[in-house]
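One structure below.
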């Protein structure tokens, strides 16, 4: 029952007027960002971080605002999936498969309501999981020494790219580039300036916030300019928001199954909400697609992926808060903000700053209720705002991005860095190199080096300390296992692609 | 081909990086010093990037030349903003930013200009007046010391 009393304490933090206000604002902005095609959780949260920074909110309030935006994006993404057949953000891709057909068949109201309730169920289950499991994991991690942390970071880099798809070499390279960037600046231990090119702007190192706003937000503008500008299709009109409750009730098992699958996918390293919704949809299709209705507007095909992506996004907060190792892009961005506010996530966070952890968890319960209200009775606001054309939306986003970064330190150099990282991010994305490992490397690099040097000081230069504890040995074994798995998958895909090409030719 | 060029670029940077790391002096009492970690990072980077040069993976579809021009134009506007923000002040520079990016993104010019004319002062009022982030209304060009 310890958790309940901690949670009660959390609610007293979350119920302060400022935090409630930020929570509601975050839910609204998040749902809107999610609903607008082109802006997803990573970009949205990245753009808002410098602003929360500039306003000087304390870490708890900043986290409440940004996590509300994060959760809101997950709710909002489905709106344009269902009404426009364009996913509002990446995790909402699976929702187009059955959501849009349902809307075409005149079931738009039901599809929106089912996905809204599914989001609520998924996110709430994830927050319950977060309250139960995160403290347990944090308690286990308290036995970690410097060498174990070094091993944990190695594991994080090996797995962040996920086990699905791209060449693992590119993922590792991305992480290594991040680590290289992390060493720029005055070395805190010896006081030697490294890789600063004698520019005093670089003495403090590369500001992670500036880098990631450029990598995610500015590169998104460049990506957008590649595409054909077509007139957006007309949205399917929604008559009333009142759905048939029976239709929602019928999908209850799909919601629960989707939440379970999504939650597990979210907790695992390297998987994010996109993988969560994908796996939830595939699992649901395997269990329920008896009559071949999936893909033609089956309500269960709407419920499962929506529950899945919301559960995964909540689940992804667990490793971020309890180990300090994020499992997805958006949680990496949230980690960047915490580190910049001088809060080091990890097991000690639960001991030292219970107000932050439990205040956040409590406010996430409240966010789910607020989001359910925003996404059912008030859905009309978002279906209208969603139609803002890209040519009007993106310039404003660019302006807000500049204001945010400029307001951190009133430095033009920061703005130039941001544009530079935007170009870098664009080039890497074109080459199929994921940006998340880079951000993670930049964020964790300093800490990783410090732990390595601390461990080596303890052992007085004996490298065997790195594999002296059972924790670090098992972490290295896991690392090797994950790397072997991803190489195997990459080689298999490569062969498959080759044989397909041969049969085509 | 693009992947190979990327591999070469990363390899050269990593090699310079590793070489530079060797020049940092080790101080007394700091076992590893500032050198070892960059070397640990630099060497695998060189190996992996070299392997991308020898065995490249994946195809890159670069946009058509006309789109690349559009991207370069947008980039020029973004860089231009970093140069004009302080001389011109926030509202004027932001007006140009919003209007030009809007036009590049395919908005009708008069609409984009209108959007810039409305949004620039509105954003200034929102951030400077309401939210209290100091932004110059008039830039250094207009304000004599």
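Chains as they are written, first to last, in our numbering: chain S, 1 to 505; chain L, 1001 to 1145. Ideal placement from N, C-alpha and C gives every residue a C-beta, glycine not left out.
Buried versus exposed, by CB contacts within 10 Å (16 or more), residue i
{"i": "residue 502/S", "result": "Confidence at residue 502/S is low in this model, with a pLDDT of 48, below 50, so the placement of that residue should be treated as unreliable; the coordinate-derived value is given next. That one is exposed."}
{"i": "residue 1123/L", "result": "buried"}
{"i": "residue 505/S", "result": "With a pLDDT of 36 at residue 505/S, under the threshold of 50, the modelled position of that residue is not reliable, and no figure is offered here."}
{"i": "residue 125/S", "result": "buried"}
{"i": "residue 351/S", "result": "exposed"}
{"i": "residue 278/S", "result": "buried"}
{"i": "residue 366/S", "result": "buried"}
{"i": "residue 1047/L", "result": "exposed"}
{"i": "residue 290/S", "result": "exposed"}
{"i": "residue 460/S", "result": "exposed"}
{"i": "residue 221/S", "result": "buried"}
{"i": "residue 380/S", "result": "exposed"}
{"i": "residue 248/S", "result": "buried"}
{"i": "residue 204/S", "result": "exposed"}
{"i": "residue 207/S", "result": "buried"}
{"i": "residue 243/S", "result": "buried"}
{"i": "residue 2/S", "result": "exposed"}
{"i": "residue 375/S", "result": "buried"}
{"i": "residue 464/S", "result": "exposed"}
{"i": "residue 66/S", "result": "buried"}
{"i": "residue 378/S", "result": "exposed"}
{"i": "residue 510/S", "result": "In the structure displayed, chain S extends from 1 to 505; residue 510/S sits before or after that span and is not available."}
{"i": "residue 394/S", "result": "buried"}
Beta-bridge pairing of residue i - partner residues as DSSP gives them
{"i": "residue 425/S", "result": "Looking at the DSSP assignment, residue 425/S forms no beta bridge with any residue, so it has no partner."}
{"i": "residue 185/S", "result": "194/S"}
Contact belief for residue i with residue j at Cβ below 8 Å, rounded distance in angstroms
{"i": "residue 255/S", "j": "residue 62/S", "result": "About 31 Å separates the two Cβ atoms, so there is no contact after all."}
{"i": "residue 37/S", "j": "residue 341/S", "result": "Actually they are not in contact, since the Cβ atoms of residue 37/S and residue 341/S sit about 31 Å apart, beyond 8 Å."}
{"i": "residue 1097/L", "j": "residue 54/S", "result": "19 Å between Cβ atoms; not a contact."}
{"i": "residue 297/S", "j": "residue 102/S", "result": "4 Å"}
{"i": "residue 30/S", "j": "residue 361/S", "result": "Going by Cβ atoms, the distance from residue 30/S to residue 361/S rounds to 17 Å, so no, they are not a contact pair."}
{"i": "residue 158/S", "j": "residue 482/S", "result": "5 Å"}
{"i": "residue 478/S", "j": "residue 472/S", "result": "Not confirmed; about 11 Å, so no contact."}
{"i": "residue 319/S", "j": "residue 6/S", "result": "No, residue 319/S and residue 6/S are not in contact; Cβ-Cβ is about 20 Å, not under 8 Å."}
{"i": "residue 314/S", "j": "residue 117/S", "result": "About 16 Å separates the two Cβ atoms, so there is no contact after all."}
{"i": "residue 110/S", "j": "residue 96/S", "result": "At roughly 16 Å, the Cβ-Cβ gap does not stay under 8 Å, so residue 110/S and residue 96/S are not in contact."}
{"i": "residue 73/S", "j": "residue 98/S", "result": "Actually they are not in contact, since the Cβ atoms of residue 73/S and residue 98/S sit about 21 Å apart, beyond 8 Å."}
{"i": "residue 151/S", "j": "residue 426/S", "result": "Actually they are not in contact, since the Cβ atoms of residue 151/S and residue 426/S sit about 34 Å apart, beyond 8 Å."}
{"i": "residue 216/S", "j": "residue 46/S", "result": "4 Å"}
{"i": "residue 382/S", "j": "residue 92/S", "result": "Residue 382/S to residue 92/S, Cβ: 13 Å. No contact."}
{"i": "residue 112/S", "j": "residue 238/S", "result": "7 Å"}
{"i": "residue 543/S", "j": "residue 321/S", "result": "No statement about residue 543/S is possible, as the shown extent of chain S runs from 1 to 505 and does not include it."}
{"i": "residue 32/S", "j": "residue 404/S", "result": "Going by Cβ atoms, the distance from residue 32/S to residue 404/S rounds to 17 Å, so no, they are not a contact pair."}
{"i": "residue 1039/L", "j": "residue 1064/L", "result": "The Cβ separation is near 43 Å, so there is no contact."}
Task: At least three beta-carbon pairs within less than 8 Å, the stretch 411–421 of chain S to the stretch 1064–1082 of chain L - done: yes
Open item on the list: Measuring CB atoms only, is the stretch 322–337 of chain S touching the stretch 34–47 of chain S, in the sense that at least three cross pairs come out at less than 8 Å?
Closed with: yes
Task: Contact list for the stretch 153–186 of chain S against chain L, Cβ threshold 9 Å - done: 166, 167, 169, 170, 172, 173, 176, 177, 179, 180, 182 and 183
Task: Cβ-based contacts, 8 Å cut-off: residues of the stretch 395–409 of chain S near chain L - done: 395, 396, 398, 399, 400, 402, 403, 406 and 407
Open item on the list: Please list, in chain order, the residues of the stretch 262–283 of chain S that have any C-beta partner in chain L closer than 8 Å.
Closed with: none
TODO: Please name the residues in the stretch 1108–1123 of chain L whose beta-carbon is closer than 9 Å to at least one beta-carbon of chain S, in chain order.
DONE: 1108, 1111, 1112, 1115, 1116, 1119, 1120 and 1123
Open item on the list: Three or more C-beta pairs under 8 Å: does that hold for the stretch 249–265 of chain S against the stretch 299–313 of chain S?
Closed with: yes
Open item on the list: Beta carbons nearer than 9 Å to chain L: which residues of the stretch 194–206 of chain S have them?
Closed with: 194 and 195
Task: Inter-stretch contact (C-beta, 8 Å, three-pair minimum) for the stretch 1031–1039 of chain L and the stretch 1003–1013 of chain L - done: no
TODO: Could you please tell me which residues of the stretch 51–64 of chain S, in chain order, have their CB closer than 9 Å to any CB of chain L?
DONE: 51, 54 and 55
Task: Segment contact flag, the stretch 437–448 of chain S with the stretch 169–183 of chain S, C-beta cutoff 8 Å, min 3 pairs - done: yes
Open item on the list: So, does the stretch 443–463 of chain S touch the stretch 1058–1074 of chain L, judging by three or more C-beta pairs under 8 Å?
Closed with: no
Task: Contact set between the stretch 209–226 of chain S and chain A, restricted to residues whose Cβ is under 8 Å from the partner - done: Of the protein chains in this structure, namely S and L, none is chain A.
- [ ] Count the CB pairs spanning the stretch 1050–1068 of chain L and the stretch 1006–1025 of chain L that are closer than 8 Å, and state whether there are at least three.
- [x] yes
Open item on the list: Contact between the stretch 1086–1104 of chain L and the stretch 1114–1123 of chain L is defined here as three or more beta-carbon pairs at a separation below 8 Å; is this criterion met?
Closed with: yes
- [ ] Could you please tell me which residues of the stretch 444–467 of chain S, in chain order, have their CB closer than 7 Å to any CB of chain L?
- [x] 449, 452, 453, 456, 457, 460 and 461
TODO: Please confirm if the stretch 106–123 of chain S is in contact with the stretch 308–325 of chain S, defined as three or more CB-CB distances below 8 Å between the two stretches.
DONE: yes
Open item on the list: Using a Cβ-Cβ cutoff of 9 Å, what residues of the stretch 422–446 of chain S are near chain L? List them in chain order.
Closed with: 422, 423, 426, 427, 428, 430, 431, 432, 433, 441 and 445
- [ ] For the stretch 347–369 of chain S, enumerate the residues whose C-beta is nearer than 8 Å to any C-beta of chain L, in chain order.
- [x] none
Task: Near-chain S residues of the stretch 1066–1078 of chain L - C-beta to any C-beta below 9 Å - done: 1067, 1068, 1070, 1071, 1073, 1074, 1075, 1077 and 1078
Task: Cβ-based contacts, 9 Å cut-off: residues of the stretch 1009–1030 of chain L near chain S - done: 1010, 1013, 1014, 1017, 1020, 1021, 1024, 1025, 1026, 1027, 1029 and 1030
TODO: Name, going along the chain, the residues of the stretch 371–398 of chain S whose beta-carbon falls closer than 8 Å to a beta-carbon of chain L.
DONE: 389, 390, 391, 392, 394, 395, 396 and 398
Task: Cβ contact check for the stretch 146–157 of chain S and the stretch 274–288 of chain S: 3 or more pairs under 8 Å - done: no
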